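>
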Amino acid sequence: PDVDILVCNAGISIPGLMSMLPEDKWDRLFDVNVKGIYHCINAAMSAFLRKQSGSIVTVSSMWGVTGGSCEAAYAATKGAVIALSKALAKELGPSGIRVNCVAPGVICTDMCADIDPQILQEMAEDSPVGRNGTPMDVAKAMEYLADATFVTGHVLNVDGGYVI
Numbered sequence: 009p010d011v012d013i014l015v016c017n018a019g020i021s022i023p024g025l026m027s028m029l030p031e032d033k034w035d036r037l038f039d040v041n042v043k044g045i046y047h048c049i050n051a052a053m054s055a056f057l058r059k060q061s062g063s064i065v066t067v068s069s070m071w072g073v074t075g076g077s078c079e080a081a082y083a084a085t086k087g088a089v090i091a092l093s094k095a096l097a098k099e100l101g102p103s104g105i106r107v108n109c110v111a112p113g114v115i116c117t118d119m120c121a122d123i124d125p126q127i128l129q130e131m132a133e134d135s136p137v138g139r140n141g142t143p144m145d146v147a148k149a150m151e152y153l154a155d156a157t158f159v160t161g162h163v164l165n166v167d168g169g170y171v172i
């Protein structure tokens with residue numbers, strides 16, 4: 009298939025204390041959040057290399073940038089996504105393929121469904137823009153990175169300034 013842009017957007021979270029996380033849950037997080045990206049990129053790689061162009065956008069998290077209490081395993085996977093994205097930007101850049109990453113903050117999706125509304129409100133108030141994000145906020149950042157022909161190896165925080 010002909011591929012111009014690949015967005016690697018699958019991810020799961022299993023919050024909790026690291027000391028209470030069974031190894032199978034750790035493995036599940038890495039299988040989805042990191043290995044899923046590996047499989048997607050490998051599936052598209054021959055098309056990108058054949059064309060000598062393309063854009064890959066991966067999805068990390070603000071916790072991949074800063075770490076997060078009770079999110080150590082999730083943060084570890086999202087930190088791995090950042091490292092993978094930067095390494096691939098260097099590896100694939102000479103072939104005309106750009107690789108960038110978005111690091112969303114609190115985005116109102118199903119992943120937030122089990123978070124206490126009061127906690128979500130407090131997180132919104134802690135953000136300089138005074139709100140949590142929407143899927144469209146992240147989509148617009150992805151679109152920018154997909155189209156920005158002189159940007160590669162970048163991690164774009166999409167968090168309303170939560171992580172400054």
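Here the sequence shown stands for residues 9 to 172, where the numbers follow the working numbering. Just so you know, even glycine gets a beta-carbon here, dropped at the ideal spot from N, CA and C. Please read all numbers here as calculations on a predicted model, not as lab measurements.
(1) Which of the three DSSP states, helix, strand or coil, is assigned to THR157?
(2) Could you tell me the distance, in whole angstroms, from the CA atom of CYS116 to the CA atom of GLN60?
(3) Are ALA149 and VAL163 touching if we call contact CB-CB under 7 Å?
(4) Nearest by alpha-carbon distance to VAL15: which of GLY24, LEU57, VAL67 is it?
(5) Within this structure, are the beta carbons of ILE90 and CYS78 separated by less than 7 Å?
(6) Mind checking which residues open and close the alpha helix (DSSP H) that includes CYS48?
(7) Helix, strand or coil, according to DSSP, for VAL137 in the structure here?
(8) In whole angstroms, what is the alpha-carbon distance linking GLY169 and GLY104?
(9) Reducing DSSP to helix, strand and coil, say where ILE20 ends up.
(10) Alpha helix (DSSP H) containing VAL166: first to last residue?
(11) Grab the span of the beta strand (DSSP E) containing SER63 for me, first residue to last.
(12) Taking 6 Å as the line, does the beta carbon of MET70 fall inside it for any heavy atom of the ligand ZN?
(13) Cα separation between ALA55 and TYR82?
(14) Look at the alpha carbon of ASP155 and the alpha carbon of ALA147, and state the distance between them as a whole number of angstroms.
(15) In the DSSP assignment, the beta strand (DSSP E) including ALA111 goes from what residue to what residue?
(16) Let's test the definition: count the other Cβ atoms within 10 Å of the Cβ of THR85 and tell me whether it reaches 16, buried, or not, exposed.
(17) Can you name the residues that DSSP bridges to ILE127?
For this structure:
(1) Residue mapping note: residue 157 aligns to position 149 of the sequence shown, counting from 1. THR157: coil per DSSP, three-state reduction.
(2) As a position in the sequence shown, residue 116 is number 108, starting the count at 1. As a position in the sequence shown, residue 60 is number 52, starting the count at 1. Answer to the nearest angstrom: the Cα atoms are 36 Å apart.
(3) Residue mapping note: residue 149 aligns to position 141 of the sequence shown, counting from 1. Residue mapping note: residue 163 aligns to position 155 of the sequence shown, counting from 1. No. Outside cutoff.
(4) Working through the sequence shown from its first residue, we reach residue 15 at position 7. Taking only the C-alpha atoms, the option nearest VAL15 is VAL67.
(5) Start at 1 with the first residue of the sequence shown, and residue 90 comes out as number 82. Start at 1 with the first residue of the sequence shown, and residue 78 comes out as number 70. Result no, Cβ atoms of ILE90 and CYS78 do not sit closer than 7 Å.
(6) For the purposes of this step, residue 48 is identified with residue 40 of the sequence shown, where counting begins at 1. Residues 44 to 59.
(7) Taking the first residue of the sequence shown as 1, we reach residue 137 at position 129. DSSP places VAL137 in coil when its eight states are reduced to three.
(8) For this step, residue 169 is matched to residue 161 along the sequence shown. For this step, residue 104 is matched to residue 96 along the sequence shown. Rounded to the nearest angstrom, the two C-alpha atoms are 31 Å apart.
(9) Mapped onto the sequence shown, residue 20 falls at position 12. It is coil, neither helix nor strand.
(10) On the sequence shown, position 158 is the one that residue 166 refers to. Not the alpha helix (DSSP H): VAL166 falls in the beta strand (DSSP E), residues 163 to 166.
(11) In the sequence shown, the residue the question calls residue 63 occupies position 55. Where SER63 is concerned, the enclosing beta strand (DSSP E) stretches over 62 to 67.
(12) Of ligands this structure carries none, so the ligand ZN is not represented either.
(13) Taking the sequence shown and counting its residues from 1, the one referred to as residue 55 is at position 47. Taking the sequence shown and counting its residues from 1, the one referred to as residue 82 is at position 74. Approximately 31 Å, taken between the alpha carbons.
(14) In the sequence shown, counting from the first residue as 1, residue 155 sits at position 147. In the sequence shown, counting from the first residue as 1, residue 147 sits at position 139. Going from the Cα of ASP155 to the Cα of ALA147 covers about 12 Å.
(15) Position 103 of the sequence shown, counted from the first residue, corresponds to residue 111. Where ALA111 is concerned, the enclosing beta strand (DSSP E) stretches over 105 to 112.
(16) Here residue 85 is taken as the residue at index 77 of the sequence shown, counted from 1. By the 10 Å Cβ count, THR85 comes out buried.
(17) Position 119 of the sequence shown, counted from the first residue, corresponds to residue 127. Note: ILE127 sits in no beta bridge, so no partner.
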